[in-house]
Every structure is written in structure tokens, then in C-alpha cells.
Amino acid sequence: MLIVGEKINSSLKGVTEAVKSRDAEFVRNLAIMQTEAGADYIDVNCGTLIDEEVEALPWLVKTVQEAVDRPCCIDSPNPAALSAALRVHKGKALINSITAEKERYDAILPLVREYGAGIVALVMDDEHGMPKDAGTRIEIGWRLIERLLKDGVPIGDIYIDPLVQPISTNGNMGVIVLETIKGIKDAYPDVHFMCGLSNVSFGLPKRALLNSTFIALCMMAGLDGAIINPGNRRMMSVIRAAEALLNKDKYTVNYLKAYRSGVLE
Amino acid sequence: MALLSELKEMVIYGNMAGIEEKTKECLKQGLQPSQLISEALIPAMDTVGEKYKNGEIFVPEMLVAAKSMQLSMGILKPLIAAGDLKTAGTVLIGTVQGDLHDIGKNLVAMMLEGAGFQVVDLGTDVAPEVFVDKVREINPDILGMSALLTTTVPQMGVVVEALKKAGLRENVKVVVGGAAVTPEYAIQIGADGYCPDATGAVDWARQVVQK
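So the sequence lines, in the order shown, correspond to chains A and B. For reference, each letter of the first sequence is one residue, going 1 to 265 in our numbering. For reference, each letter of the second sequence is one residue, going 266 to 476 in our numbering.
Following this line, the structure appears as C-alpha cells:
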């Protein structure tokens with residue numbers, strides 16, 4: 001399971017101020033904390049600072065990579081900001097994100113190719129927006145994968161985001177995500193997946209319970225990456241347990257390591 | 266009146282299976298459609314909003330309550346002459362251009378309808394000129410805009426400016442909301458208000474229309 005630490009996001013409390021004032025220590029601490037908790041990638045997002053994103057995003061990348069030996073998941077729909085951030089990034093970055101929308105696809109693809117980055121691909125297109133059913137999402141996913149492959153992106157660099165939405169306003173939204181993952185995984189066994197999960201529990205109590213149960217179900221369907229707070233011990237425990245149960249953790253090495261370091265709960 | 270409070274309860278607890286039957290029973294007993302709306306359905310949704318605000322009920326429960334009310338309204342509305350249907354006010358609502366998120370906006374629209382407002386919903390990805398044209402056409406009391414993405418929030422400012430340019434800004438109260446919107450931003454673009462959720466929107470709309 002690929003863990004992307006979500007905490008360096010200017011829509012979270014305190015981060016906007018830290019980025020504005022270029023408080024490197026604040027950012028470094030978030031990077032170190034998440035890396036120690038098990039993050040494989042560190043997400044950087046400063047979308048709320050729209051006027052200075054082009055300067056702020058590369059600053060975030062540099063600051064993170066000075067503190068930890070991890071690649072970044074560079075999170076922005078703005079090609080100029082992405083390009084500036086990719087230029088200073090060390091190692092293989094993950095770009096978040098592309099869609100099948102024409103304008104977005106054409107703007108982001110050259111960056112993926114130029115930097116050999118991984119790419120998070122949302123199952124959205126111009127015709128359907130965010131499709132309300134699994135069939136359409138699967139179809140858009142297939143089309144996106146075919147297009148990316150044709151444009152020279154290796155299958156292992158593609159991370160499909162099935163679009164997690166609340167079950168509180170549409171009871172089928174959890175099932176739609178599970179079916180989407182499965183439908184795409186069946187056709188393209190080597191493609192990866194990546195998504196945030198917390199949307200699923202919007203409007204309901206005890207959200208952590210729903211979020212962590214949902215991630216286990218998604219892993220069963222084929223999810224192998226998630227954008228989460230790695231400091232969330234319950235979530236990380238469920239991930240380690242599910243990996244062991246699904247035989248994604250040979251000899252349960254990681255599960256036992258997590259147990260000995262005292263993080264399982 | 267026992268029947269009225271029974272009808273009210275059915276909305277509050279989202280009894281979608283029984284509410285149409287109960288509505289018909291009320292009518293058979295001689296209760297007036299407008300009375301059912303003002304004394305049972307709307308007060309019921311007020312209670313629902315209150316319970317939601319207090320964390321006693323959650324979004325799916327609010328949803329079935331509103332659906333129950335809609336079922337009852339489906340029977341009552343055709344019985345009321347067009348001019349006699351009192352509305353609390355008219356609200357034009359939509360998600361701004363470039364943004365396809367509709368869940369929050371739909372909840373707001375639903376609760377405003379529950380509170381007796383007439384809601385005109387323009388859907389998602391609404392261009393500034395569409396907002397402006399519709400304001401000119403229907404002259405609503407309130408224009409509500411939603412944005413979920415940090416990248417689409419600036420569209421709200423664009424719409425406010427477009428309203429000014431069209432000379433319509435003084436005719437309508439503008440309110441904004443959505444995950445990426447802050448109260449500070451609402452002030453910055455010169456909106457009249459910011460609401461954090463659906464029940465907040467109802468409280469705000471009532472206050473504004475009373476003035």
C-alpha cells in the first residue's frame with residue numbers, strides 16, 4: 001500500500017499561514033512527522049494561495065525534500081505551478097492530477113512526460129463530469145489508461161482515482177467506488193490506484209470508523225494507494241492488517257514490524 | 266390538532282411510506298392545504314434543521330425528512346391556486362463555473378424549500394452570465410453560490426462584479442458557501458453573507474428576507 005501523507009495542504013488549519021510566511025520549520029516538521037508515521041510520498045498542496053501558487057509550490061517541494069528522503073505528490077490543477085514544482089523536485093514525483101477532460105489532459109500530459117512522473121488520473125471527462133455510476137467511471141478509466149499508454153506513460157506510472165463521494169446523500173456511492181476499482185483492475189491488473197477516503201463519511205457520525213472500514217473494503221477490490229493522514233493510527237492499523245490478510249505483506253513482516261513499534265491499535 | 270401533529274411527526278421521522286396517506290386523511294377531515302404546509306410541514310423541517318444543528322440527526326435523516334415533505338407537497342400543491350401559495354422568498358442557487366460539486370448545494374436547496382422558499386436551481390458549472398441573466402429574469406431575493414474547489418472559488422467574485430456591471434447588485438442579496446469558501450472571502454468579494462451549512466443557510470435567508 002502506497003501511503004501519501006496529506007497534511008501539507010493549505011486548506012488545513014495553520015498551513016496557509018505557514019506557507020504565506022514561508023515558515024520552513026513548520027513544513028519540515030509536518031514532513032518528518034508523516035515520514036516517521038509511514039508516508040511513502042508527501043503531498044504538497046497550496047491551492048488556496050492562488051495568486052502565489054507558482055512560487056509557493058516549488059518552495060514547499062524544496063522544503064520537504066530538505067527535511068526527508070521522500071518524493072512528493074504535487075497536488076495542483078495549475079500547469080504553471082506544477083511545472084515550477086517539478087523543476088526543483090528530486091526523484092520520481094507523483095502529479096495529482098489529470099482527467100479525461102480535454103483541456104486538463106492536454107495541459108498536464110506534457111509535464112508527465114517531461115519529468116517521467118507518476119500521474120493520478122481522475123475518472124472524469126467533459127461529457128459526464130463526475131459520473132454517477134460505476135459503468136461510466138470504469139469506461140472513462142479504461143479510456144484514460146489507453147490514452148496515457150498511447151502517449152507513452154507506462155502502466156505502472158498511472159494511479160486511477162475512482163472519486164470517493166459521500167454515502168450520506170447517495171447510499172450507493174461506496175459500492176460505486178468498489179465496483180469502479182474492481183472493473184478497472186480486472187482489465188488492467190498492473191495499473192495503480194490512489195484516492196482520498198474521508199469524503200465517504202461526510203454527514204455521518206464516527207467518521208473514522210467508516211473511513212477505516214471503507215479502506216479495507218477498497219483494498220479488497222484492488223486499491224493499493226491512499227492519500228491519508230499517516231498519523232491516524234487507526235487507519236494505519238487497518239491498512240497493515242488488511243495487507244496481511246490479503247497476502248500483500250509476505251510473512252506479515254510489516255504487520256509485525258508495526259506491532260513491535262507499538263503503532264497497532 | 267392531533268392530525269397536524271401526526272403529519273408533522275411523519276416528516277420529522279422521514280416516514281416516506283405513510284405520509285401520502287396521512288396527507289389525504291388530513292384533507293378528508295377538512296384541513297386546508299395551506300394550513301398543512303404552514304402548520305405541519307414547514308415547522309417539521311424547522312425541527313429537523315434544529316436537530317441537525319445540534320448533532321441529534323445526520324444528513325441521511327435530513328434527506329428522508331425532506332423527501333417525505335416533498336411527497337406531501339406533491340399532493341397539496343396542485344390544490345392551491347398559483348397565486349395563493351405563499352413563499353418565504355425566492356432563492357436562485359448554483360455551483361460556480363468549472364466546479365461540478367453539487368452535494369452541499371443540493372442540501373442547501375432542499376432545506377430552503379423545506380423552509381418554504383421557492384428555489385430555482387441552476388445546477389453545477391454555472392457561467393457568470395447565466396447567473397446574471399437569471400437574476401434579471403426572475404428577480405430573486407437571494408442569490409446563493411457554492412464552490413468546493415480552491416480553484417473555482419474566485420468565480421464567486423467574478424459573478425459579484427458581473428452583477429454590479431449589469432446594475433443588478435442592489436436588487437439581490439448574495440450569499441456564498443462550500444468547503445473552499447471562508448467568511449473572510451465572502452467579505453472580500455462584497456457578498457452579503459457566508460453560510461457554513463444547510464441549516465445556517467435557512468437561518469440566514471429568513472433573516473435577510475424579513476428585513
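Virtual Cβ for every residue (Gly too), placed ideally from N, Cα, C. Nothing here was measured: the structure is a model prediction, and the numbers come from that model.
Residue i to residue j span [Cα, whole Å]
i	j	result
G283 (chain B)	P448 (chain B)	41 Å
G135 (chain A)	L178 (chain A)	12 Å
H366 (chain B)	L163 (chain A)	12 Å
Y317 (chain B)	A463 (chain B)	9 Å
K438 (chain B)	D386 (chain B)	16 Å
K351 (chain B)	Y450 (chain B)	34 Å
A31 (chain A)	K62 (chain A)	11 Å
L49 (chain A)	A445 (chain B)	12 Å
G279 (chain B)	F26 (chain A)	48 Å
P205 (chain A)	D151 (chain A)	44 Å
P343 (chain B)	G314 (chain B)	26 Å
G458 (chain B)	V120 (chain A)	36 Å
V397 (chain B)	L197 (chain A)	36 Å
G231 (chain A)	K7 (chain A)	9 Å
T416 (chain B)	G47 (chain A)	7 Å
G116 (chain A)	S83 (chain A)	12 Å
E66 (chain A)	R28 (chain A)	8 Å
Contacts around residue i, its chain only, beta-carbon distance under 6 Å, and the 5 residues preceding and following it disregarded
i	result
Y255 (chain A)	R240, A244, D249
I322 (chain B)	K316
Minimum Cβ-Cβ distance from residue i to chain A less than 8 Å
i	result
I368 (chain B)	yes
P325 (chain B)	yes
L328 (chain B)	yes
T416 (chain B)	yes
L413 (chain B)	no
L387 (chain B)	no
Contact with chain B by residue i, beta-carbon distance below 8 Å
i	result
I50 (chain A)	yes
S21 (chain A)	no
L204 (chain A)	yes
S83 (chain A)	no
T169 (chain A)	yes
G135 (chain A)	no
S198 (chain A)	no
G174 (chain A)	no
P166 (chain A)	yes
G141 (chain A)	no
S11 (chain A)	yes
M1 (chain A)	no
M130 (chain A)	yes
Y225 (chain A)	Inspection of the sequence shows that residue 225 (chain A) is occupied by Gly rather than by Tyr. No, because no Cβ of chain B sits closer than 8 Å to the Cβ of G225 (chain A).
Classification of residue i by the beta-carbon crowding that lies within 10 angstroms, buried from 16 upward
i	result
E286 (chain B)	exposed
L70 (chain A)	Reading the sequence as shown, one finds Arg at residue 70 (chain A) and not Leu. When all chains shown are included, R70 (chain A) counts as buried.
L260 (chain B)	Given that chain B is displayed from residue 266 to residue 476, the structure contains no residue 260 (chain B) and the question cannot be resolved.
K132 (chain A)	exposed
G381 (chain B)	buried
E378 (chain B)	buried
P189 (chain A)	exposed
E36 (chain A)	exposed
E53 (chain A)	buried
L57 (chain A)	buried
D349 (chain B)	exposed
Sequence-distant residues of the same chain with beta carbon closer than 7 Å to residue i, five excluded per side
i	result
Q294 (chain B)	L268
I277 (chain B)	A309, T312, V313, A330
V474 (chain B)	A353, G354, D406
Residues of its chain near residue i, where Cβ-Cβ distance is below 8 Å and the 5 sequence neighbours each way are ignored
i	result
V200 (chain A)	V164, Q165, P166, I167, M173, G174, V177, L210, N211, F214
Exercise for the section: Within the stretch 168 to 230 of chain A, note down every full beta strand (DSSP E) run reaching 3 residues or more, in order along the chain. Expected result: Every unbroken stretch of the beta strand (DSSP E) spanning 3 or more residues and falling wholly within the stretch 168 to 230 of chain A is given here in chain order: 225 to 228.
Problem - Those runs of the beta strand (DSSP E) which lie wholly inside the stretch 386 to 472 of chain B and span at least 3 residues - result: 407 to 411, 438 to 442, all fully within the stretch 386 to 472 of chain B.
Practice task
Write down every uninterrupted run of the beta strand (DSSP E) in the stretch 55 to 128 of chain A whose length is 3 residues or greater and which is fully enclosed by it, in chain order.
Solution key: Counting only runs of 3 or more residues that sit fully inside the stretch 55 to 128 of chain A, the beta strand (DSSP E) segments are 72 to 75, 94 to 98, 118 to 122, in chain order.
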